[in-house]
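Those protein sequences? They're chains A and B, same order as listed. Okay, so the first sequence: first residue is 1 according to the numbering used here, each after it adds one. Okay, so the second sequence: first residue is 1001 according to the numbering used here, each after it adds one. A virtual CB, placed ideally from N, CA and C, is assigned to each residue, including glycine. Bear in mind that the values here come from a model prediction, so they are computed numbers and not experimental data.
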Amino acid sequence: MSLGLPVIASASSMVLIPEGPFTMGKGNQSPHGPERRLFLGPFLIDLNEVTNEEFQAQFPDHRFRKGAARHPVTKVTWYLAKEYCNKIGGRLPSEPEWEKAARGEYGFIYPWGDHKPKKRPHPFYSGVVKKKVGFNKQDVSPYGIHDMAGSVWEWTADAQGPLKIIRGGLWNLHLDFEYSKAFEKATIPPGERLSFLGFRCVRSID
Amino acid sequence: MRSFDRLNRRSFLARTFAFCAAFVQGWWSRPGSARAEPDYFTGTDFVGKTRVGKFKQFYINYWKPLRRIKAADWTLEVGGLCETPKHFTLDQLKGLPTMTQTSRLKCVECWSAKAEWSGFHFSELMKLCPPQPEATGVVFHCGDIYTEHLSLADLNHPRTLWVTQMNGAPLSDEHGFPLRVIVPFKYGYKNPKAIVKIEYVNELQYGTWSKIGPYSPDGTILPGTDHPLDLGKTPRRISGGEITY
């Protein structure tokens, strides 16, 4: 399957996702299904996950270790992530927005296509491996968005009961690419600060 | 040629017998087979890793076998970057305000098990032996020569508990008598047992497993699959952080 050229408005660090249909979900069973076609209006989404230095610019008390300025910020609650996005004039993405940005119009399994890479990721480590955002040149969606399968999981605006839905994935020795399919989801209490969980923002286009 | 044939037949029979014997022995002692787990410690003065009997429902991992700790001989030593180093008896610790919670502990080996735990919150110990302002974490020294580090932020998490009782009874030697710490949102290797000494420190230190294995010093439970022992090891998806079923 091939897509048309991605439409990228990249004057800033956000990318335009054009209006139109896309495939959401996979199969008919929960939690990934049902697979269906949805339509979304245009919106802008961060090219990369929010970094430590970007987060610190809005929340000066945020501390991070030397060399991690361009790593994705983690250990932030859903409330803080939402507040950050609001401060910069955006908001957290809805699940459909996140999934369209990750899978493209035709619903790839992974952001780069339907096949997992032959080379195993981080073969000698079991924890979260953080690198500069955008470091991985393969983990790029049809719209050019980075790190939607690897890096860290991401908060979304949506919820299941009291829990917030997170999307994305991470790669390590044990997880391999199993939980990096772009339709994967999990749920986390909004007050948790977890080392594998960051976020990115979106902006509506009126 | 005949002699060669006989040798081949003899050799063939001997090798077949050896293969079958090896197969039977291998099957008998295969990983996961209860028969493969001799009971080394019951009735002895020592405790260590075991998965036999009732511990099939809650595996026991120790770094090295240790002599069973006697409460009368034990104190918790608190040192490092604290205002005044101190020792606490088990009775003193049991006198602290008690909390009870049900938590599932998950091992990085993929299994998990659930119990009711009682003990005190770290804030109570901090009141008795405050850290110096520069302290950022605690290094645990355990009876099995195991060490582990936890940050003050993780120790002050409302779900982190210093445990002296399990399922309404005093901790057993296997589960970490006389004192263990449970951090339900982190893998089991971040949950030290049979603690004998703690040190306040001002930088992250690698624990035993993080030094020798591919295990992160953070140890937060990641999204993935769990095989709960009390639920027949049936695989379940987990979201990461504390498991709540």
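- Neighbours of A/Gly25 across chain B, judged by C-beta separation under 9 Å, do not exist; the nearest C-beta is about 16 Å away.
- Inclusion of B/Ala1135 and B/Val1201 in the CB contact set at 8 Å is warranted, their separation being smaller than that value.
- In the structure shown, A/Ser126 adopts coil according to DSSP, grouped into three states.
- Taking 4 residues as the shortest admissible run, the stretch 146-198 of chain A contains no complete alpha helix (DSSP H) segment at all.
- In terms of beta-carbon proximity, A/Ile109 stays away from the interface with chain B, with every pair separated by 8 Å or more.
- Secondary structure note for B/Thr1208: its alpha helix (DSSP H) is the uninterrupted segment 1208-1212.
- Nearest CB-CB separation between A/Trp153 and chain B: below the 8 Å threshold.
- Those residues of the stretch 1106-1136 of chain B placed with their C-beta closer than 7 Å to a C-beta in chain A are Val1108, ordered along the chain.
- Closer than 8 Å to the CB of B/Ser1239 there is at least one CB belonging to chain A.
- Within the same chain, and ignoring the five residues on either side of A/Ser180 in sequence, the residues whose Cβ sits closer than 7 Å to its Cβ are Tyr110, Ala149, Gly150, Gly169, Trp171.
- Each residue's CA atom was taken as its position, placing B/Ile1221 and A/Phe22 some 33 Å apart.
- Contact note: A/Tyr125 reaches chain B through Pro1214, Tyr1215, Ser1216, using a C-beta cutoff of 9 Å and chain order.
- If you draw a straight line from the Cα of B/Ser1103 to the Cα of B/Ile1182, it comes to about 9 Å.
- Using a Cβ distance threshold of 8 Å, A/Val133 and A/Phe196 do not count as a contacting pair.
- A/Trp112 and A/Val140 do touch by the CB rule: their CB atoms are close to 6 Å apart, below 8 Å.
- It is roughly 37 Å from the alpha-carbon of B/Leu1128 to the alpha-carbon of A/Ser126.
- In the DSSP secondary-structure assignment, B/Val1078 is bridged to B/Lys1086, B/Ile1198.
- Just measuring C-alpha positions, the residue of B/Ser1216, B/Asp1173, B/Met1126 sitting nearest B/Lys1049 is B/Asp1173.
- Just so you know, the alpha carbons of B/Arg1068 and B/Asp1230 end up roughly 27 Å apart.
- Among the residues of the stretch 1220-1240 of chain B, those with a Cβ less than 7 Å away from any Cβ of chain A are Thr1220, Leu1222, Pro1223, Gly1224, Ser1239, Gly1240, in the order of the chain.
- Rounded to the nearest whole angstrom, the CA to CA distance from A/Pro96 to A/Phe55 is 25 Å.
- For A/Lys82, the enclosing alpha helix (DSSP H) starts and ends at 78-87.
- Flagged as an interface residue toward chain B: A/Glu192, by a C-beta distance shorter than 8 Å.
- According to the DSSP assignment, B/Asp1226 belongs to the beta strand (DSSP E) that extends over 1224-1228.
- For A/Phe39, DSSP records a beta bridge to A/Pro21.
- Collapsing the DSSP output to three states places A/Leu47 in coil.
- Contact annotation, A/Thr77 with A/Pro162: C-beta distance approximately 14 Å; criterion of less than 8 Å not satisfied.
- B/Met1099 places its beta carbon less than 8 Å from that of B/Leu1161.
- At a cut-off of 8 Å, the C-beta of A/His62 has no neighbouring C-beta in chain B.
- For the set B/Phe1055, B/Gln1132, B/Ala1194, B/Tyr1062, the Cα lying nearest the Cα of B/Thr1084 is the one of B/Gln1132.
- Taking A/Arg193 as the centre and dropping the five residues before and after it, the same chain places the C-beta of Lys75, Val76, Thr77 closer than 7 Å to its C-beta, in chain order.
- An exposed status is given to B/Glu1116, since fewer than 16 other beta-carbon atoms sit within 10 Å of its beta-carbon.
- The shortest C-alpha to C-alpha distance from B/Ile1198 to any of B/Ala1113, B/Leu1076, B/Glu1109 is the one to B/Leu1076.
- Neighbourhood of A/Thr187 in chain B, by CB distance below 8 Å: Ser1239, in chain order.
- Between the stretch 1048-1065 of chain B and the stretch 1118-1127 of chain B, the count of C-beta pairs closer than 8 Å stays below three; the two stretches do not touch.
- Sorting B/His1141, B/Leu1093, B/Ser1112, B/Lys1106 by C-alpha distance to the C-alpha of B/Ser1118 places B/Leu1093 at the top.
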